[in-house]
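For what it's worth, UniProt numbering labels the leading residue of the sequence shown as 1, then goes sequentially.
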Amino acid sequence: MRTPTLAELPPTEHIWLEIDTTEQLLRCWRGPKVLHECSISSGAAGSGERNGSGKTPRGWHYVRAAIGGDMPENAVFRGRRWTGETFSPELAEDHPERDWILTRILWLCGLEKGVNRGGQVDSQRRYIYLHGTPPDEPIGVAASHGCIRLRNSDLLYIFSLALPGTPVWLHGGRQSFD
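In structure tokens:
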């Protein structure tokens, strides 16, 4: 895994992810071409970088780890490990307090020191993930605890392309790189 540098972002040829928290959209790019677009759910508390804020961090990140590639769809994760459970409505009824992390995890690491890396603003130490969510959880609106929630079908597709080292740009409004 090679960590991207800020000077080479966004990539002109390779896969990268854009997450727009204002539009609640994820776009998967290959260089300048959008390959996939889907709705997401980011932090209900808004955008922000501070530890404990429940907010979705902004700026350039990269996929630090891809977890769960050999797990079944709807696998339940706690502490980045499969619990042995597979999500079902019955399991949800038995555990209404859980914040479900399902199917796969793409764990993010910040690239911008003092913005989303290091100290009280470290995205990796905040355990910021892209992960699956139950089908009855809202998508297209900010409702998470800071992570990026996706529908399983979208997550599985993104997981197949966004290998460790893939750049991820989180922002709160469409911007241009020109």
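Beta carbons: idealized from backbone N, C-alpha and C, even for Gly.
Quick one: what does DSSP say Glu8 is sitting in, helix, strand or coil? helix
So is Arg125 in contact with chain C if we call contact Cβ pairs under 8 Å? Checking the listed chains, one finds no chain C in this structure; it contains a single protein chain.
Cα separation between Asp70 and Arg58? 30 Å
Does DSSP put Ile158 in a helix, a strand or coil? helix
Measure the Cβ-Cβ separation of Gly165 and Val63 and say whether it is below 8 Å. yes
Member of Trp82, Thr22, Glu37 whose CA lies at the smallest distance from the CA of Ile158: Comparing alpha carbon positions, the residue from Trp82, Thr22, Glu37 closest to Ile158 is Glu37.
Identify every residue that forms a DSSP beta bridge with Lys33. Arg30
Per-residue burial, His95 [other beta carbons within 10 Å of its own, 16 or more giving buried]: Around the beta carbon of His95, fewer than 16 other beta carbons lie within 10 angstroms, which makes this residue exposed.
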